[in-house]
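**Q** If you count the sequence shown from 1, position 21 lands on 27 in our numbering, and the numbers rise without skipping. Just so you know, even glycine gets a beta-carbon here, dropped at the ideal spot from N, CA and C.
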Amino acid sequence: MNSTKTKSFEASLEELERILRELEQGELPLERSLELFEQGVTLSRECQERLNQAERRIEILMRDNQGRTTVKPFETEANANDAAGAEDFS
Numbered sequence: 007m008n009s010t011k012t013k014s015f016e017a018s019l020e021e022l023e024r025i026l027r028e029l030e031q032g033e034l035p036l037e038r039s040l041e042l043f044e045q046g047v048t049l050s051r052e053c054q055e056r057l058n059q060a061e062r063r064i065e066i067l068m069r070d071n072q073g074r075t076t077v078k079p080f081e082t083e084a085n086a087n088d089a090a091g092a093e094d095f096s
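Written as structure tokens, this is what we have:
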């Protein structure tokens, strides 16, 4: 299934979810289940590799002026609001 390499991450993930739904129904012949499972594993590995590449790109972008990677905890807007809200209720 070489065409998956040209798919976007989102398209690959959507295809993986479709395969999962089909397998979960459990009404497929064994051979078809194995084919879908193989496709799913391939898509899963490709998605994981894309995520790894994205992480490496982010690490490069997050380097300081001396080339050292700076690591900061990821703080979502909700977490920031929760922390601010916790102080208001004291």
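If you draw a straight line from the alpha carbon of Lys11 to that of Gln72, how long is it in whole angstroms?
**A** The pLDDT assigned to Lys11 is 48, lower than 50, so where the model puts this residue is not dependable, and the model offers no usable value.
**Q** Below 8 Å, can you find three or more Cβ-Cβ pairs linking the region 18–25 to the region 37–55?
**A** Because the criterion of three Cβ pairs below 8 Å is met, the region 18–25 and the region 37–55 touch.
**Q** From Gln59 to Asp70, what does the alpha carbon distance come to, in whole angstroms?
**A** Taking the straight line joining both Cα atoms gives about 20 Å.
**Q** The alpha helix (DSSP H) that contains Asn58, what's its start and end?
**A** Run containing Asn58: 36–67, per the alpha helix (DSSP H) assignment.
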